[in-house]
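Following: one structure in C-alpha coordinates, then a few remarks.
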Amino acid sequence: MTYKTKGTCSTMIDIEMEPDQHTIKSVAFTGGNLKGISSLVVGMKAEDAIARLKGIKCGFKPTSCPDQLARALEEIVQAQ
(Lines of atoms letter the chains of each structure in order from A and count residues from 1; the text may use other names and numbers.)
(Lines give C-alpha, C1' and ligand atoms only; values in the text may rest on other atoms or scores of the structure.)
Protein backbone atom coordinates (compact mmCIF):
# COMPACT_ATOMS: atom_id res chain seq x y z
CA MET A 1 0.00 0.00 0.00
CA THR A 2 1.17 3.52 -0.73
CA TYR A 3 -0.16 6.14 1.69
CA LYS A 4 0.05 9.86 0.87
CA THR A 5 0.92 11.66 4.09
CA LYS A 6 -0.57 14.97 5.20
CA GLY A 7 1.23 17.69 7.17
CA THR A 8 4.68 16.07 7.39
CA CYS A 9 8.12 16.31 5.76
CA SER A 10 7.60 12.82 4.39
CA THR A 11 5.28 12.79 1.38
CA MET A 12 4.48 9.06 1.09
CA ILE A 13 4.79 5.80 2.98
CA ASP A 14 5.05 2.44 1.20
CA ILE A 15 3.92 -0.39 3.47
CA GLU A 16 3.99 -4.11 2.86
CA MET A 17 2.13 -6.44 5.22
CA GLU A 18 2.17 -10.20 5.66
CA PRO A 19 -1.06 -11.54 4.13
CA ASP A 20 -3.95 -11.84 6.61
CA GLN A 21 -1.67 -11.58 9.66
CA HIS A 22 -1.44 -7.80 10.23
CA THR A 23 2.33 -8.17 10.59
CA ILE A 24 4.41 -5.39 9.06
CA LYS A 25 6.80 -6.74 6.44
CA SER A 26 8.40 -3.48 5.26
CA VAL A 27 8.00 0.31 5.55
CA ALA A 28 9.65 2.94 3.35
CA PHE A 29 9.11 6.68 3.75
CA THR A 30 9.58 9.11 0.84
CA GLY A 31 11.18 12.26 2.23
CA GLY A 32 12.59 12.76 5.71
CA ASN A 33 15.06 10.48 7.47
CA LEU A 34 12.88 7.76 8.95
CA LYS A 35 14.94 4.60 8.52
CA GLY A 36 14.95 4.08 12.29
CA ILE A 37 11.16 4.08 12.56
CA SER A 38 10.94 1.76 9.55
CA SER A 39 13.38 -0.70 11.11
CA LEU A 40 11.66 -0.65 14.49
CA VAL A 41 8.20 -1.57 13.20
CA VAL A 42 9.19 -4.40 10.82
CA GLY A 43 7.95 -7.67 12.30
CA MET A 44 5.54 -5.86 14.62
CA LYS A 45 1.78 -6.42 14.57
CA ALA A 46 0.05 -3.42 12.99
CA GLU A 47 -2.19 -2.98 16.04
CA ASP A 48 0.86 -2.72 18.34
CA ALA A 49 2.54 -0.15 16.10
CA ILE A 50 -0.69 1.88 15.93
CA ALA A 51 -0.97 1.89 19.73
CA ARG A 52 2.61 3.17 20.09
CA LEU A 53 2.69 5.72 17.25
CA LYS A 54 -0.80 7.20 17.00
CA GLY A 55 -1.09 10.75 18.31
CA ILE A 56 2.62 11.61 18.29
CA LYS A 57 3.11 15.23 17.25
CA CYS A 58 6.07 16.94 15.59
CA GLY A 59 6.72 20.28 17.26
CA PHE A 60 3.60 22.42 16.90
CA LYS A 61 2.18 20.34 14.04
CA PRO A 62 -0.96 18.33 14.81
CA THR A 63 0.65 15.17 13.36
CA SER A 64 4.04 13.56 12.67
CA CYS A 65 5.55 10.92 10.41
CA PRO A 66 5.01 8.21 13.07
CA ASP A 67 1.39 9.36 13.48
CA GLN A 68 0.89 9.24 9.71
CA LEU A 69 2.28 5.68 9.70
CA ALA A 70 -0.25 4.74 12.39
CA ARG A 71 -3.07 6.23 10.28
CA ALA A 72 -1.89 4.29 7.21
CA LEU A 73 -1.76 1.06 9.22
CA GLU A 74 -5.28 1.69 10.50
CA GLU A 75 -6.52 1.95 6.91
CA ILE A 76 -4.84 -1.34 6.03
CA VAL A 77 -6.24 -3.17 9.08
CA GLN A 78 -9.76 -1.84 8.44
CA ALA A 79 -9.59 -2.90 4.78
CA GLN A 80 -8.64 -6.50 5.60
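Residues in the sequence shown are numbered from 356 upward in steps of one, following my numbering. Built from N, CA and C at the ideal position, the CB exists for glycine as well.
Let me confirm a value: residue i is counted as buried when at least 16 other C-beta atoms fall within 10 Å, else exposed. Which label applies?
{"i": "phenylalanine 384", "result": "buried"}
{"i": "alanine 406", "result": "exposed"}
{"i": "glutamine 423", "result": "buried"}
{"i": "alanine 427", "result": "buried"}
Who pairs with residue i in a beta bridge, going by DSSP?
{"i": "alanine 367", "result": "One point to set straight first is that residue 367 is methionine, not alanine, in the sequence displayed. In the DSSP output, where bridge partners are listed per residue, methionine 367 has Lys359 and Thr385."}
{"i": "isoleucine 379", "result": "Met372"}
{"i": "lysine 409", "result": "Answer is none; lysine 409 lacks a bridge partner."}
Taking the alpha helix (DSSP H) that residue i belongs to, which residues open and close that run?
{"i": "lysine 390", "result": "390-396"}
{"i": "proline 421", "result": "420-434"}
Report yes if the C-beta distance between residue i and residue j is below 8 Å; otherwise report no.
{"i": "cysteine 420", "j": "threonine 357", "result": "no"}
{"i": "threonine 378", "j": "isoleucine 368", "result": "no"}
{"i": "serine 393", "j": "valine 382", "result": "yes"}
{"i": "valine 432", "j": "alanine 401", "result": "yes"}
{"i": "serine 409", "j": "alanine 425", "result": "The amino acid at residue 409 is misidentified as serine; the sequence shows lysine. In this structure, alanine 425 lies closer than 8 Å to lysine 409 by Cβ."}
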